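Encoded as structure tokens, the structure appears first; notes follow it.
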Amino acid sequence: MLRKPILALTKNRNQLAQINTICGNPEDWFSSEIFVQNGLYSTSFDFFVNWENETICNEVWIKRISDTNSIYQQNTTQLLHEISKCDGKEESNRLYRFFKKQNIIEKYMLFVDINENEWENEGVYIVELDLSNKDTNKITYYNVEEIQDKIKNLRKKPASIGKAGLIYSTSSLEGYLSKQQFFWPGDVDTLLYDSNNEVVAIIEFKKHTKNSKIPFNEQKLSNYLSRDILKYKSLALLRDRFKTNLFVIYYPIPEDINYMIIEKLEGSPHSLLVSERYELKLPNKQYKNTMEDFAKRFITKILKQIT
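This is how it looks when you write it as structure tokens:
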């Protein structure tokens, strides 16, 4: 059985990241189920920048967690069936068509979320399912050293997150690799696309916790740009690859704050700036109508499309 990754403490996968119990996670607000009524769909994936020439690689990874080692024995048909059960057949097919339209190689990376210190053990693999050609889907198995070589071939240049690595991650594998020169690729939190498979927006989420030293109303790009320059430069390069819009959404964990802050980023990848800034009321995840209302407000006010 496959499932989508969940943000948790790297060293204790049972300790999940904090959430706002009223509004839920941004992934809830931007689900295809909510936006489909307005002709839009959402997805998330990991992507690479070739840092030798600062271009976006034409290969993306979609990671899914397996609860058992059965993925090591399954064939292509069985793995595709598990992916369809996890993501939904309609959504899987729609995403396949999107990447084909965009001339991007789509690969699923499947693995068991073992303890971080077990990744160097023998017999532990990442299963790659290449969907770039549905008639000849190819399965490849990588151990942790081989996956780093693969990342190196795509990224070209090493980078560092720091000796401590990721405190929170969506898998123990990412936590392990975050201490290496060639860490797991960064992700796009949400990408919105339309029925013509054209990208409408790229969205980065920034969480505001109760321990934040910055008041929520002062959350802005300049607080983070210099220390997270590779992330924002990567997102800007992806924005340019798709010729689309890039937004950052700051959202609160404290439940006494009832709105989010949205910034539109413009400028070159080397000199990003905020061109527009908005506030939107948070939805209530318990009521679908507030989620649907949020989608309409985001589209009309932020994307400025007529629903």
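Per this note's numbering, the very first residue in the sequence shown carries number -7; after that it's consecutive.
Note that the Cβ used here is the ideal one computed from N, Cα and C, for glycine as well.
Source: prediction; values computed, not measured.
Option in the options with minimal Cα separation from residue i
i	options	result
residue 271	138, 211, 284	211
residue 56	166, 92, 95	166
residue 290	279, 278, 269	269
residue 50	82, 104, 123, 84	123
residue 215	240, 233, 61	240
residue 260	-7, 232, 151	232
residue 302	-6, 65, 34	Missing from the structure shown is residue 302; the chain here goes from -7 to 299 and no further.
residue 292	147, 30, -2	30
residue 253	230, 223, 207	207
residue 34	183, 7, 21	183
residue 235	197, 213, 190	190
residue 113	128, 134, 125, 95	134
residue 323	42, 221, -3	Absent from the model: residue 323. The displayed extent of the chain is -7 to 299, so no value can be given.
residue 17	223, 196, 262, 222	196
residue 138	175, 6, 203	175
residue 61	164, 173, 4, 105	105
residue 144	152, 129, 173	173
residue 48	288, 86, 223	223
residue 78	87, 96, -4	-4
residue 94	258, 219, 188, 203	188
residue 12	279, 248, 287	248
residue 152	83, 288, 219, 280	219
residue 28	70, 83, 58	83
residue 72	287, 19, 129, 203	129
Beta-carbon proximity of residue i to residue j, cut-off 8 Å
i	j	result
residue 63	residue 102	yes
residue 116	residue 108	no
residue 36	residue 179	yes
residue 217	residue 194	no
residue 68	residue 131	yes
residue 225	residue 237	no
residue 275	residue 53	no
residue -2	residue 162	yes
Run of the alpha helix (DSSP H) containing residue i, from where it starts to where it stops
i	result
residue 68	68 to 79
residue 168	164 to 169
residue 300	In the structure as shown, the chain begins at -7 and stops at 299. Residue 300 is therefore absent and cannot be evaluated.
residue 20	18 to 21
Residue i Cβ short of 7 Å to the ligand FMN heavy atom set
i	result
residue 163	Of the ligands one can find in the structure shown there are none, so the ligand FMN has no counterpart to examine.
Distance between beta carbons of residue j and residue i, contact taken as under 8 Å
i	j	result
residue 14	residue 284	Not really, about 17 Å apart at Cβ, beyond 8 Å.
residue 387	residue 168	This structure cannot settle anything about residue 387, because the visible part of the chain is limited to -7 through 299.
residue 121	residue 99	7 Å
residue 39	residue 177	6 Å
residue 380	residue 282	The question about residue 380 has no answer, for the chain in this structure spans -7 to 299.
residue 0	residue 7	6 Å
residue 164	residue 5	6 Å
residue 273	residue 251	5 Å
residue 264	residue 213	7 Å
residue 198	residue 44	Contact doesn't hold; Cβ gap of about 29 Å is too wide.
residue 87	residue 192	About 15 Å separates the two Cβ atoms, so there is no contact after all.
First and last residue of the uninterrupted beta strand (DSSP E) at residue i
i	result
residue 7	4 to 8
residue 193	191 to 200
residue 27	Here residue 27 belongs to no beta strand (DSSP E); instead the alpha helix (DSSP H) covers 24 to 27.
residue 53	47 to 58
residue 118	118 to 122
residue 184	179 to 186
residue 97	97 to 104
residue 36	32 to 42
Residue-level contact to chain B via CB, residue i, 8 Å cutoff
i	result
residue 193	Absent from the structure is chain B; it holds one protein chain and no more.
### Message
At 4 residues or longer, what runs of the alpha helix (DSSP H) sit wholly inside the segment 218 to 254?
### Response
Here the runs fully enclosed are 221 to 234.
### Query
Which residue spans inside the segment 252 to 295 form an unbroken alpha helix (DSSP H) run of at least 4?
Entirely contained in the segment 252 to 295, the alpha helix (DSSP H) runs reaching 4 residues are, in chain order, 280 to 289.
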